[in-house]
C-alpha cells in the first residue's frame with residue numbers, strides 16, 4: 233500500500249472526526265457519522281471510529297468501503 237494514500241486518508245478521517253465532534257450538541261440523542269470511501273483506508277477508519285465511539289458514546293460512526301467513488305457519491 234502506498235504510504236502517501238494511507239497518510240492522506242488518515243488525515244481526512246482525523247479532520248472529519250474533529251469537525252463532527254465540535255458540532256455535536258448535548259441534547260442526549262445519538263448522532264450518526266457515516267464515512268465511506270477507499271477500501272485501503274477502511275481498516276484505519278474502522279479503528280479510529282471504534283476509539284472515537286469509546287470516547288463519545290452519543291455518536292455512532294458507520295464506516296463503509298467500496299472504493300473512492302463511494303465516498304464521493306455520499
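In this note's numbering, the protein residues as written are 233 to 306. Idealized CB from N, CA, C, for every residue including glycine.
Practice problem: Return the residue from the list 272, 276, 250 and 271 that minimises the CA-CA distance to residue 265. | Solution: Nearest to residue 265 by alpha-carbon distance, out of 272, 276, 250 and 271, is 250.
Proximal residues to residue 291 (C-beta, below 8 angstroms), its chain only, five neighbours per side dropped: 252, 253, 256, 262, 263, 264, 265, 284 and 285
- request: Could you tell me if residue 267 is buried or exposed, where buried requires 16 or more neighbouring beta carbons within 10 angstroms of its beta carbon?
  value: buried
| Looking only at its own chain, which residues have a Cβ that is under 6 angstroms from the Cβ of residue 277, when we skip the five neighbours before and after it? | 245, 267 and 295
_Nearest-angstrom Cβ-Cβ length linking residue 273 and residue 281, presumed shorter than 8 angstroms_ = Incorrect: roughly 12 angstroms between the Cβ atoms, too far for contact.
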